[in-house]
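According to my numbering, the sequence shown holds residues 5 to 186 in order. Even glycine gets a Cβ: it sits at the ideal position worked out from N, Cα and C. Because the structure is a prediction, the values reported are computed rather than measured.
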Amino acid sequence: MKTIEVDEELYRYIASHTQHIGESASDILRRMLKFTAGQSAPAAAAPARISAVATQPAVAVAEARPQDRVRAVRELLLSDEYAEQKKAVNRFMLILSTLYGLDAQAFGAATESLHGRTRVYFAGNQQTLVQNGTHTKPQHIPGTPYWVITNTNTERKRSMVEHIMQSMQFPAELTDKVCGTL
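Okay, structure coming up:
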């Protein structure tokens with residue numbers, strides 16, 4: 005992946021074309037430019053302000069500023085998709101997916117330290133969760149490489165979301181609001 009520096013005005017323009025929470029800047033630009041994967045790009049000299057950093061992950065549009073991350077979570081809570089979810093487990097999965105989309109690294113770091121006395125709550129595959137607990141009902145978190153156990157009570161799900169949001173340094177009042185919707 006490569007990192008491209010853009011000015012604030014251009015960033016706001018790209019971000020204004022976001023169609024769903026967690027959509028990456030690459031996805032937005034591909035859609036806007038009608039550029040598909042595998043399509044060859046015309047040869048052109050790279051502008052001086054573009055810097056390639058091969059070791060850094062792609063930056064999602066919502067990752068850039070803390071207030072954008074807060075707005076993205078608030079928009080999730082107000083969305084029709086979230087409101088239509090009748091089960092806590094479905095809202096739980098939407099929240100986890102959104103948090104991952106906002107900052108994959110911070111989400112991963114937060115989930116590493118999150119486990120019970122005998123259970124592992126998050127893993128990169130279903131087998132790990134099954135091996136570390138009985139009747140865990142693992143589910144894949146959409147849009148992420150993670151699996152989570154879902155056979156926990158609603159209070160435990162709230163506790164997991166609270167831990168992740170605190171680790172990701174979301175404001176306490178937003179964390180409380182999100183947890184209250186589960």
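A direct Cα-Cα distance of roughly 14 Å separates arginine 34 from tyrosine 17.
About 14 Å separates the CB atoms of valine 93 and tyrosine 125; that is not less than 8 Å, and the two are not in contact.
The alpha-carbon separation between methionine 169 and valine 134 amounts to approximately 25 Å.
Ranked by how close their Cα comes to the Cα of glutamine 173, the residues Ala114, Ala19, Phe96 and Ser83 have Ala114 in first place.
Beta-bridge pairing by DSSP links histidine 144 to Trp151. For histidine 167, the secondary structure class from DSSP, reduced to helix, strand or coil, is helix. Contact annotation, threonine 140 with arginine 123: C-beta distance approximately 7 Å; criterion of less than 8 Å satisfied. Note: histidine 119 is bridge-paired with Val124 in the DSSP secondary-structure output. Distances from the alpha-carbon of glutamate 27 to those of Asp72, Gly137 and Glu12 put Asp72 closest. The beta carbon of lysine 161 sits closer than 7 Å to the beta carbons of Ala92, Phe96 and Leu186 from its chain, once the five residues preceding and following it are set aside; these are given in chain order. In the three-state scheme derived from DSSP, where H, G and I count as helix and E and B as strand, threonine 132 is classed as helix. Take serine 83, set aside five residues on each side of it, and no residue of its chain has a beta-carbon closer than 6 Å to its own.
Scanning its chain for C-beta atoms nearer than 7 Å, with the 5 sequence neighbours on each side dropped, one finds no residue around asparagine 157. Scanning Glu116, Thr132, Gln143 and Asp11 for the CA closest to the CA of serine 171 turns up Glu116. If you draw a 10 Å sphere on the C-beta of proline 146, you find fewer than 16 other C-beta atoms in it, and that means exposed. Comparing alpha-carbon positions, the option among Leu106, Val77, Thr132 and Gln131 lying closest to threonine 179 turns out to be Val77.
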